[in-house]
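A quick write-up on the structure given underneath.
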Amino acid sequence: MTISDNGFSTARRLILKGAGAVALIGLGNIPFGFASAFAAANDKYPEEAFKAKSDADAIKSLYGKTAEPSDKVKLDAPEIAENGTVVPISVSTTLADVTSISFLVSENPNALAASYKIPAGTLPSVANRLKMAKTSNVIAIVEAGGKLYSATKEVKVTVGGCGG
Amino acid sequence: MASTIRVRATSSGDTTEVQALIQHPMDSGFVKDAKGDTIPPHFIQELTFEYDGKSVFVADWGAGVSKDPYVKFSFKGGKKGDDLKISWVDNKGATDTTTAKIQ
């Protein structure tokens, strides 16, 4: 081992520098950006709520509170859906400070179908198309001013044939 | 490769209405194919819309959303010629993104 002027082994310094460099490269290999982005996306996606079977469980999982029926939530859904795989359903509301709108189909294997985040500046109105396994209640949930409001409508689903 | 996202964003007054139609099987995982094997779940989980660098709408979807999903919403703001960015990610980690001009 060579000994430099200040008494510190050159070889030891080299090894330590090398070890440090390898450690830094090791850190660089950790996909921090990817991992955190992936985690962030999963944090936002309410996986558990979508796995819930009943609408009560799904609402509890998604919002942590219960909804009160409100006539300020206008749920538009057909009386009879001829094709249960594509049922056009929409909701709009006159409530203020809406932050979220969700749709549930009670008789579906997993009641929660869709949940929408409504940032400030976006109108509290959504139209979408949902699957319905069979005749069921469709529930629209609106989160406004930190409270939950709901509207429910029964949609009949015909099996085969042309309506009736 | 053509995008799976078709979008029409129209600005009228101070509001922009957005309609999006996306090509995606949205398989629920409950349906069996002709051979009797269950088709595994394959559906869009998150769909985001961004205008001027800010999120204007986020859809969290489950398998209960129809195949080739459609959604319509409106937001305040948006001018003709401005960009609207749409992206989705599904349960298999696949993604697609597109930018549309507000008409």
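If you read the protein sequences in the order shown, they are chains A and B.
If you read the first sequence in the numbering used here, its first letter stands for residue 26, the second for the next number, and so on.
If you read the second sequence in the numbering used here, its first letter stands for residue 53, the second for the next number, and so on.
Glycine is no exception: its CB is placed at the ideal position from the N, C-alpha and C atoms.
Just so you know, these numbers come straight off a predicted model, no measurement behind them.
Asked: Alpha carbon to alpha carbon, what distance is there between Glu168 (chain A) and Pro94 (chain A)?; Found: 12 Å
Asked: Measure from the C-beta of Lys142 (chain A) to each C-beta in chain B and report whether the shortest distance is under 8 Å.; Found: yes
Asked: Please classify Pro71 (chain A) as buried or exposed, where buried requires at least 16 other C-beta atoms within 10 Å of its C-beta.; Found: buried
Asked: Please classify Asp142 (chain B): does DSSP put it in a helix, a strand, or coil?; Found: strand
Asked: Touch check for the stretch 154-173 of chain A and the stretch 141-153 of chain B: three-plus C-beta pairs under 8 Å?; Found: no
Asked: In three-state terms, what does DSSP make of Asp79 (chain B)?; Found: strand
Asked: Contact defined as beta carbons within less than 8 Å: I believe Glu102 (chain B) pairs with Trp140 (chain B). What is the distance between those atoms, to the nearest angstrom?; Found: Not really, about 12 Å apart at Cβ, beyond 8 Å.
Asked: Would DSSP call Phe95 (chain B) helix, strand or coil?; Found: coil
Asked: Can you pull the chain A residues whose beta carbon is under 7 Å from the beta carbon of Ala111 (chain B), in chain order?; Found: Ala139 and Tyr141
Asked: Under 8 Å, with one C-beta from each stretch per pair, do the stretch 82-91 of chain A and the stretch 99-118 of chain A reach the 3-pair mark?; Found: no
Asked: So which of B:Ala115, B:Asp135 and B:Lys128 has the shortest CA-CA distance to Met157 (chain A)?; Found: B:Ala115
Asked: On the three-pair Cβ rule with 8 Å, is the stretch 87-97 of chain B touching the stretch 115-124 of chain B?; Found: yes
Asked: Which residues does DSSP pair with Leu73 (chain B) in a beta bridge?; Found: B:Arg58 and B:Tyr122
Asked: In the DSSP assignment, what are the bridge partners of Glu102 (chain B)?; Found: B:Ser107 and B:Lys137
Asked: Return the bridge partner residues of Ile105 (chain A) from the DSSP annotation.; Found: A:Lys181
Asked: Report buried or exposed for Ala121 (chain A), applying the criterion of at least 16 other Cβ atoms within 10 angstroms of its Cβ.; Found: exposed
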